[in-house]
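Numbering (the working numbering), first residue to last: 7 to 77.
Shown next as structure tokens:
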């Protein structure tokens, strides 16, 4: 069975706040903290959260600071 982890990114100019919600109605939600707003930090986060058999689904608040992340 496939599992999805939902990764929420609150994007600001210099940093990104990160939270993760596990799939399912009763899935746990955890605030992971902040990372730098740069491609290397985002790549490291993705690698840290990846698990075999798990799909990562990223979402962010639409706004001017998230445009670079979207690209």
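Don't be surprised by glycine CBs; every beta carbon is placed ideally from N, CA and C.
I'd like the list of long-range same chain contacts for residue i, defined as Cβ closer than 8 angstroms, with 5 residues on each side in sequence excluded.
i: residue 20; result: 42 and 43
Please list, in chain order, all residues of the same chain as residue i whose beta carbon is under 6 angstroms from its beta carbon, the five residues on each side excluded.
i: residue 64; result: 13
Is it right to say residue i is buried, meaning 16 or more other beta carbons lie within 10 angstroms of its own, or is it exposed?
i: residue 4; result: The structure shown has nothing for residue 4, since the chain only spans 7 to 77.
i: residue 35; result: exposed
So, under 8 angstroms CB-CB, residue i and residue j are touching, yes? Tell me the CB distance rounded to an integer number of Å.
i: residue 53; j: residue 38; result: Not quite, the Cβ-Cβ distance comes to about 14 angstroms (not below 8 angstroms), so this is no contact.
i: residue 11; j: residue 51; result: The Cβ separation is near 12 angstroms, so there is no contact.
Quick check on the DSSP output: what are the complete beta strand (DSSP E) runs of length 3 or more inside the segment 9-65, in order along the chain? Taking 3 residues as the shortest admissible run, the segment 9-65 contains the following complete beta strand (DSSP E) segments, listed from N- to C-terminal end: 9-17, 21-28 and 35-42.
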